[in-house]
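J.: Going down the list, the protein sequences come from chains A and B. Here the numbering used here is used: the first residue of the first sequence is -2, the next is one more, and so on. Here the numbering used here is used: the first residue of the second sequence is -2, the next is one more, and so on. Every residue gets a Cβ at the ideal spot worked out from N, C-alpha and C, and that includes glycine.
Number of protein chains: 2
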Amino acid sequence: MQFVLEHTAGNARTGKIFTDHGIFKTPVFMPVGTQGSVKAITQKSLEEIGTEIILSNTYHLYLRPGIEILHQAGGLHRFMSWGHPILTDSGGYQVFSLSDLRDINEEGVQFRSHLDGSLHTFTPESVVDIQRYIGSDITMVLDECTPYPCEKEYASQSNELTLRWAERCRNRFQSSEGLYEHSQALFGVVQGSVYPDIREHSAKVLADMDFNGYAIGGLAVGEPSDQMYEMIEVCNGVLPTNKPRYLMGVGTPENLLEAIERGVDMFDCVLPTRNGRNAQLFSQKGVVNITNAQYKDDFTPVDIECECFTCRNYTRAYIRHLFMVKEILGLQLATHHNLYYYQWLMQNARKAISTGIFENWKREQLNLLHQEIQLTT
Amino acid sequence: MQFVLEHTAGNARTGKIFTDHGIFKTPVFMPVGTQGSVKAITQKSLEEIGTEIILSNTYHLYLRPGIEILHQAGGLHRFMSWGHPILTDSGGYQVFSLSDLRDINEEGVQFRSHLDGSLHTFTPESVVDIQRYIGSDITMVLDECTPYPCEKEYASQSNELTLRWAERCRNRFQSSEGLYEHSQALFGVVQGSVYPDIREHSAKVLADMDFNGYAIGGLAVGEPSDQMYEMIEVCNGVLPTNKPRYLMGVGTPENLLEAIERGVDMFDCVLPTRNGRNAQLFSQKGVVNITNAQYKDDFTPVDIECECFTCRNYTRAYIRHLFMVKEILGLQLATHHNLYYYQWLMQNARKAISTGIFENWKREQLNLLHQEIQLTT
């Protein structure tokens, strides 16, 4: 994996990341394909709307279909018929949020599957091995994502464990090889809750370990947006400029623009897909709650400015009807539109950075977003 | 609407039906879009797999979105963005099967909505009017679909009522006009349960009323296949050869081939879509129950002979995984494949008829279909 920085505008930056499954441009938004499928959309449609990389979840793939099937298939790319880059998380986040967690100790975490209660252990080494079986282009270290709020004492101790785990992951990664004749990269994860000094320390130690890129984890877990933005600034003040920076699990269009302004390159979030399935459609003017009665005879597109398949072919009235009668097509059209909008936002952010107008463009977008109902994190 | 007969092979026949929304070739299979959407597939994909006409349900559309919205939209074609022909049933079948039926009398049927218990009445005249608002290219008369088994006395009385209703529908249709500057057609429906003499009488009386086409209703309601085939023969022995014949709600691939051999031109059925969503995939060799454990590491397509989007891009192992983890994409891929297979079957039936090899081709297909698990009605 290679990262090439192209343009900067203040702290905002554009670049390209080269992988054996192709190039993706940054800032980038990665749709979430938790179980080897971005919900309610085909891989072909993902390509058509300009998706260059997706994210998938190690925890879920490890449980189903399991690494044996993925190995037999020749890795996740071939299993799910996606020829472009894939990033996988380490599974840590889902262990802490979904499973019946039994024990976290120096060695790793023991947990019970949220599906059948079966007992499993993730260690820094095993999550590297699992991601070798998955064959993702970008893999992540095992970390503990602290909740919000979190006592400083706990945040500090937890971060030290995360740092020791990061080193073990790196060592395992360096002493092992990919299984499918393409190279893989490994990112470290900065933790430290909302404490600037812990974040700074975390970023420094990880930077010295020389990962291929750095994620900022443990944010968007309930803290106010301003604190999230402050933490991004602290981390990016320390992290090397010549490596990509990935803000995990974020967020709203507004969050993305604020984070891009502060130097973040990569994002993933379930918001466009999950909210789409819950009848919330994004537009340049804010969120359209499509089941509202006001749309029942509104024969205009969701977003008059949007050129996506949904907006070129269907009206608000029809999409509202589909949601009211629980037709699957409603989920498909909403997902398609929302992901298109997120790709549109990233594409235009990159254009604004490279042409030196990012600050003005961003202000304009935020003003527009506040014209209709604004979504809060 | 105009029907042009092209080739015959025994009683089997090919033809073309011309409507203001385009031509469709017969024998034709119409995917079912109950509520203005064929479940889990876009209109664009329907086009791509060669769908030339779809069916929608008057009962459902009348309840939601309602005729006022459909009228404002400019009819169902524009509401759902489908520029090709649409056939609607009369709503009678759903009144008898879904609603809390209150009263059937000479005037019509009074029923309670299955959604909210609200009280409604369908008369022969009102279902014509509703279908005028919907704007379907082919509309159907109100009929009573008798259950199976059904006493002969009841079947006969019911059929007489259906015939009187058919005449009232025709009169209303002739004295009214379409609302959207395209012409509409009206089909009569032959009833009579499994009684040849009632079927024959029904077909004769309807033939004299000179409809644009004739449906054979009240079959595939639980009777043995052989009785269904016998009734088709009785009806088609009476119905005029220069009008299309539509066998309502049928059926399996085998049913379709047997009915085509007996001179049926049009079909609709929820089987490919509903069974697809229940993990049953059709193939030239029978039904693949994709959740079976045997497919978990089967990295071949659902049907090696099939050229559909699903089979060109995805393996049985992946589709099985999607169903096991309840991903919406599984429903999309199964629906796409099954509808493609039904279109493939019709296309090849037409080819076999026009080249004079229908009998052999049909026998070959039936043999193939019995190689794997065979679906029974």
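Below 6 Å CB to CB, which residues in the same chain sit around B:Thr307 once its five sequence neighbours on both sides are set aside?
T.: Mapped onto the second sequence, residue 307 of chain B falls at position 310. Counting only Cβ-Cβ distances below 6 Å, and skipping sequence neighbours, we find Leu330, His333, His334.
J.: In chain order, which continuous runs of the beta strand (DSSP E) of length 3 or greater are located wholly inside the stretch 62 to 124 of chain A?
T.: Qualifying beta strand (DSSP E) stretches, in chain order: 83 to 85, 97 to 101, 106 to 109, 116 to 119.
J.: Report the residues of the stretch 309 to 331 of chain A with a CB closer than 7 Å to any CB of chain B, ordered along the chain.
T.: Asn310, Tyr311, Ala314, Tyr315, His318, Leu319, Met321, Val322, Glu324, Ile325, Leu326, Leu328, Gln329
J.: Please look up how many angstroms separate the CB atoms of B:Glu174 and B:Ser155, rounded, as I've assumed it's under 8 Å.
T.: Residue mapping note: residue 174 of chain B aligns to position 177 of the second sequence, counting from 1. Residue mapping note: residue 155 of chain B aligns to position 158 of the second sequence, counting from 1. Incorrect: roughly 31 Å between the Cβ atoms, too far for contact.
J.: In chain order, what residues of the same chain lie with their CB nearer than 6 Å to the CB of B:Ser351, ignoring the 5 residues before and after it?
T.: The count along the second sequence starts at 1 and reaches residue 351 of chain B at position 354. Closer than 6 Å at the Cβ level, and outside the excluded window around B:Ser351, lie His4, Thr11.
J.: By Cβ distance below 6 Å, which residues in the same chain neighbour B:Glu356 in space, the five residues on each side in sequence not counted?
T.: Working through the second sequence from its first residue, we reach residue 356 of chain B at position 359. Excluding sequence neighbours, B:Glu356 sits near nothing in its chain.
J.: Fully enclosed by the stretch 266 to 335 of chain B, which beta strand (DSSP E) runs are 3 residues long or longer?
T.: 277 to 280, 283 to 286
J.: Is the CB-CB distance between B:Ala200 and B:Leu236 below 8 Å?
T.: For this step, residue 200 of chain B is matched to residue 203 along the second sequence. For this step, residue 236 of chain B is matched to residue 239 along the second sequence. The answer is yes: Cβ separation under 8 Å.
J.: If I follow the unbroken beta strand (DSSP E) through B:Thr11, where does it start and stop?
T.: Indexing the second sequence from 1 puts residue 11 of chain B at position 14. B:Thr11 -> beta strand (DSSP E) spans 9 to 16.
J.: Could you pull out every residue in the same chain whose Cβ sits closer than 7 Å to the Cβ of A:Glu104, ignoring the five residues on either side in sequence?
T.: The sequence position of residue 104 of chain A within the first sequence is 107, counting from 1. Result list for A:Glu104: Thr120, in chain order.
J.: Roughly how many angstroms separate the alpha carbons of B:Leu366 and B:Asn345, rounded to a whole number?
T.: Looking up residue 366 of chain B in the second sequence gives position 369. Looking up residue 345 of chain B in the second sequence gives position 348. Rounded to whole angstroms, B:Leu366 to B:Asn345 spans 15 Å at the Cα level.
J.: Hey, how far is the Cα of B:Ile101 from the Cα of A:Gln368?
T.: Translated into the one-based positions of the second sequence, residue 101 of chain B becomes position 104. Translated into the one-based positions of the first sequence, residue 368 of chain A becomes position 371. Taking the straight line from one Cα to the other gives about 53 Å.
J.: Under 8 Å between the Cβ atoms of B:Ser87 and B:Met27?
T.: Counting from 1 along the second sequence, the entry for residue 87 of chain B is found at position 90. Counting from 1 along the second sequence, the entry for residue 27 of chain B is found at position 30. Not a contact, by the Cβ cut-off of 8 Å.
J.: Between the stretch 60 to 92 of chain A and chain B, which residues of the former have CB atoms less than 7 Å from a CB of the latter, in chain order?
T.: Arg61, Pro62, Ile66, Gln69, Ala70, Phe76, Met77, Ser78
J.: If we cut at 8 Å on Cβ distances, does B:Gln368 have a partner in chain A?
T.: Here residue 368 of chain B refers to the residue found at position 371 when the second sequence is read from its first residue. It does not; no Cβ of chain A falls within 8 Å.
J.: Kindly list the residues whose CB is nearer than 7 Å to the CB of A:Phe76, restricted to its own chain and excluding five residues on each side of it in sequence; keep chain order.
T.: By one-based count along the first sequence, residue 76 of chain A stands at place 79. Excluding sequence neighbours, A:Phe76 sits near Gly33, Leu67, Ala70.
J.: In the structure shown, what three-state DSSP assignment does B:Thr23 receive?
T.: Within the second sequence, the letter at position 26 stands for residue 23 of chain B. Per DSSP, reduced to three states, the secondary structure at B:Thr23 is strand.
J.: Between the Cα of B:Pro82 and the Cα atoms of B:Arg167, B:Glu44, B:Ser222, B:Ser110, which residue gives the shortest distance?
T.: Start at 1 with the first residue of the second sequence, and residue 82 of chain B comes out as number 85. Comparing Cα positions, the closest option is B:Glu44.
J.: May I ask you to report which of helix, strand or coil DSSP gives B:Gln(-1)?
T.: As a first step, residue -1 of chain B must be located in the second sequence, where it is residue number 2. Here B:Gln(-1) sits in strand by DSSP.
J.: At a CB-CB cut-off below 7 Å, which residues of chain B make contact with A:Ser34?
T.: By 1-based counting over the first sequence, the position of residue 34 of chain A is 37. The contacting residues are Leu319, Glu324, Leu326.
J.: In chain B, what lies closer than 8 Å to A:Lys293 by C-beta?
T.: The count along the first sequence starts at 1 and reaches residue 293 of chain A at position 296. Under the 8 Å cutoff, chain B gives Pro62, Ile66.
J.: Among residues of its own chain, excluding the 5 on either side of B:Ser96, which ones have a beta-carbon nearer than 7 Å to its beta-carbon?
T.: Taking the first residue of the second sequence as 1, we reach residue 96 of chain B at position 99. Shown here for B:Ser96: same chain residues with a beta carbon closer than 7 Å to its own, the five before and five after excluded, namely Phe108, Arg109, Ser110, His111 in chain order.
J.: So which residues on chain B does A:Thr276 lean against when the C-beta distance must stay under 8 Å?
T.: The count along the first sequence starts at 1 and reaches residue 276 of chain A at position 279. At residue 276 of chain A the sequence reads Ala, which differs from the Thr that was named. The contacting residues do not exist; A:Ala276 stays about 15 Å from chain B at best.
J.: Determine whether the Cβ of A:Thr39 lies closer than 8 Å to any Cβ atom of chain B.
T.: To locate residue 39 of chain A, count along the first sequence from 1; it is residue 42. A:Thr39 counts as touching chain B.
J.: Using a cut-off of 7 Å between C-beta atoms, extract the partners of A:Phe296 located in chain B.
T.: Residue numbering aside, residue 296 of chain A sits at position 299 when the first sequence is read from its first letter. Near A:Phe296 (Cβ distances below 7 Å), the residues of chain B are Ala70.
J.: For B:Glu302, count the other beta carbons within 10 Å of its own beta carbon; 16 or more makes it buried, fewer makes it exposed. Which is it?
T.: Looking up residue 302 of chain B in the second sequence gives position 305. With fewer than 16 Cβ atoms within 10 Å of its Cβ, B:Glu302 is classed as exposed.
J.: Taking the DSSP output, what are the residues bridged to A:Val186?
T.: Mapped onto the first sequence, residue 186 of chain A falls at position 189. The partner list for A:Val186 (beta bridge, DSSP) reads A:Ala212.
J.: Just how far apart, CA to CA, sit B:Asp205 and A:Gln291?
T.: Taking the second sequence and counting its residues from 1, the one referred to as residue 205 of chain B is at position 208. Taking the first sequence and counting its residues from 1, the one referred to as residue 291 of chain A is at position 294. The alpha-carbon atoms of B:Asp205 and A:Gln291 are separated by roughly 49 Å.
J.: Is the Cβ of B:Gly219 closer than 8 Å to any Cβ of chain C?
T.: The question asks about chain C, but that chain is absent: this structure's protein chains are A and B.
J.: Closer than 7 Å by C-beta to A:Trp79: which residues in its own chain qualify, once you throw out the five before and the five after it? Chain order, please.
T.: Position 82 of the first sequence, counting from 1, holds the residue named residue 79 of chain A. Correct list, in chain order: Gln40, Ile51.
J.: Return helix, strand or coil for A:Glu356, following the three-state DSSP convention.
T.: Taking the first residue of the first sequence as 1, we reach residue 356 of chain A at position 359. Note: A:Glu356 maps to helix in three-state DSSP.
J.: I'd like the span of the alpha helix (DSSP H) that includes A:Arg165, first residue to last.
T.: Against the first sequence, residue 165 of chain A aligns to sequence position 168. First-last of the alpha helix (DSSP H) with A:Arg165: 149 to 171.
J.: On a Cα-Cα basis, can you pick out the residue from B:Leu160, B:Ser280, B:Lys293, B:Val124 that is closest to B:Asp300?
T.: Position 303 of the second sequence holds residue 300 of chain B. When C-alpha distances from B:Asp300 are compared across B:Leu160, B:Ser280, B:Lys293, B:Val124, the shortest belongs to B:Ser280.
J.: Give the range of the beta strand (DSSP E) segment to which B:Ile51 is assigned.
T.: Reading the second sequence from its first residue, position 54 is the one you call residue 51 of chain B. Start and end: 51 to 53.
J.: Beta-carbon within less than 6 Å of B:Cys147's beta-carbon, same chain only, minus the 5 sequence neighbours each way: which residues are those?
T.: Within the second sequence, the letter at position 150 stands for residue 147 of chain B. Answer for B:Cys147: Ser190, listed in chain order.
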